[in-house]
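Single-structure report; data block below.
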Amino acid sequence: MDKKVSTATIVRTICLALALINQLLSAGGHSVIPIDNETVNQLVTTIITVVVALVNWWENNSFTPEAIRADELLDQMQGKSSK
Numbered sequence: 001m002d003k004k005v006s007t008a009t010i011v012r013t014i015c016l017a018l019a020l021i022n023q024l025l026s027a028g029g030h031s032v033i034p035i036d037n038e039t040v041n042q043l044v045t046t047i048i049t050v051v052v053a054l055v056n057w058w059e060n061n062s063f064t065p066e067a068i069r070a071d072e073l074l075d076q077m078q079g080k081s082s083k
């Protein structure tokens, strides 16, 4: 059985990694987003990090084959079509 991680899971994980890297760079004094006002820069990067973290926390991110099969079984039990 060849199960693959969904595209949405990969995209959410990449967005979270980018937001966290951006936040760390910003906290270290490296302006990643070219905005003159440091307060605005901090606000924007914090908002991005919070939004991406909440979306990733809320979503079911299945990476292992067992978790992907469990998602498919749940979809079948709920009458949803397979991804």
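Going left to right, the sequence shown walks through residues 1 to 83 as the UniProt record's numbering numbers them.
Here a beta-carbon is modelled for each residue, glycine too, at the ideal position from N, C-alpha and C.
The criterion of a C-beta distance shorter than 8 Å is satisfied by residue 16 and residue 56.
By the neighbour-count definition (other C-beta atoms within 10 Å, threshold 16), residue 49 is a buried residue. Contact check for residue 71 and residue 60: beta-carbon distance about 7 Å, within the 8 Å limit, so the pair qualifies.
Across the structure, residue 10 and residue 37 are spaced so that their CA atoms are roughly 33 Å apart.
Residue burial is scored here from C-beta neighbours: residue 51 has fewer than 16 other C-beta atoms within 10 angstroms and is therefore classed as exposed.
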